[in-house]
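J.:
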Amino acid sequence: EQVPCALKEEGLYSFLMSNFLASQEDVHSMSSDAAEVLIAIFESWHCWKNSEGESLVTSLFTLEVYETMTCGRCRRKPNYPEQSSYGLVMEADAIRDVKCAFRDRKFEDILKVILMDDKMVCDIGTGGCGKENFVHRIVSKCPPIFTIVLEWETDETEEDIAKTTKALEREIDLSSLYEGLEPNKNYQLVSMVCCGEEEEEEDHICLAYEKDRWVSLRHDDALAEEDVGDWNSVVNFCGERKVRPEILFYEASPIEE
1 EQVPCALKEE
11 GLYSFLMSNF
21 LASQEDVHSM
31 SSDAAEVLIA
41 IFESWHCWKN
51 SEGESLVTSL
61 FTLEVYETMT
71 CGRCRRKPNY
81 PEQSSYGLVM
91 EADAIRDVKC
101 AFRDRKFEDI
111 LKVILMDDKM
121 VCDIGTGGCG
131 KENFVHRIVS
141 KCPPIFTIVL
151 EWETDETEED
161 IAKTTKALER
171 EIDLSSLYEG
181 LEPNKNYQLV
191 SMVCCGEEEE
201 EEDHICLAYE
211 KDRWVSLRHD
221 DALAEEDVGD
231 WNSVVNFCGE
241 RKVRPEILFY
251 EASPIEE
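Residue numbers (full-length UniProt numbering): 1 to 257.
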């Protein structure tokens with residue numbers, strides 16, 4: 001069986017999130033870095049194939065992007081190879097800082113500001129001049145699920161967590177972050193893998209959007225579910241319980257006819 005039966009019968013997200021939480025418990029002892037944990041889990045899932053024989057991780061989660069720049073000083077245009085990634089990695093405190101400075105900015109605008117700060121050096125070793133330049137990110141393959149990893153410090157307060165969560169939004173437009181996409185390439189937040197504290201130990205849960213409400217899923221002996229409510233309830237839930245959203249899964253919105 002190339003595609004697990006549960007994927008067909010129970011639905012994509014309930015199956016993936018259940019297995020993601022179980023897999024996360026297995027690999028978390030080896031790394032506390034959310035990006036490393038995500039990569040380790042996805043790499044272990046590459047054996048799952050779709051009906052065309054392509055890895056489900058590749059077809060569902062992999063973003064193909066190449067970076068270009070034109071040096072503002074020497075006008076060189078170096079070519080860089082296309083790269084595969086599972087999405088973006090962002091520091092939680094950077095999101096808070098930008099939101100504090102630009103209170104009316106949408107989440108996608110906050111991401112764009114942070115990305116603009118990531119410059120590329122005109123490589124002296126290949127004949128460049130050493131000047132830092134803005135990077136153009138051009139997408140050649142956009143997956144149905146876009147992933148954002150949030151990296152946290154170890155001493156975030158309840159207020160820090162609430163402010164970060166409040167800065168997140170249910171919808172983002174990837175065409176505002178990447179070139180090569182049609183306008184209004186909208187994605188909806190469908191689930192978040194979070195890290196909380198349970199009896200002084202880290203506890204991983206999933207917050208998922210199901211049937212017009214958010215629910216909390218915890219993988220113990222079985223997949224326990226708790227009703228959370230609307231998005232404001234999610235912000236309160238994360239702040240009051242010190243639950244840090246670490247991995248955000250955005251799903252491509254249906255194309256309107």
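Built from N, CA and C at the ideal position, the CB exists for glycine as well.
1) At 3 residues or longer, what runs of the beta strand (DSSP E) sit wholly inside the segment 58-83?
2) Is it buried or exposed for residue 144, if we count other Cβ within 10 angstroms and need 16 for buried?
3) Going straight from the alpha carbon of residue 208 to that of residue 129, what length do you get?
4) Let me know the secondary structure DSSP gives residue 214 once reduced to three states.
5) Can you tell me which of the three DSSP states residue 108 falls into?
6) Under 8 Å by Cβ, that's how I've got residue 99 and residue 114 pegged, so tell me the actual separation to the nearest angstrom.
7) With 16 as the cutoff for other CB atoms within 10 Å, does residue 101 come out buried or exposed?
8) Between which two residues does the alpha helix (DSSP H) containing residue 147 stretch?
9) Please classify residue 42 as buried or exposed, where buried requires at least 16 neighbouring CB atoms within 10 angstroms.
10) I think residue 176 touches residue 251, with their Cβ atoms under 8 Å apart; what is that distance to the nearest whole Å?
11) Residue 136 to residue 69, Cα distance in whole Å?
12) Out of 178, 161 and 253, which one is the CA nearest neighbour of residue 92?
13) In angstroms, rounded to a whole number, what distance separates the CA positions of residue 47 and residue 122?
T.: Answer, in terms of the structure:
1) 63-68
2) exposed
3) 48 Å
4) strand
5) helix
6) Rounded, the Cβ-Cβ distance is 11 Å, inconsistent with contact.
7) exposed
8) Premise fails: residue 147 lies in the beta strand (DSSP E), 145-151, not in any alpha helix (DSSP H).
9) buried
10) In fact, because the Cβ distance is near 17 Å, the residues do not count as touching under 8 Å.
11) 6 Å
12) 161
13) 39 Å
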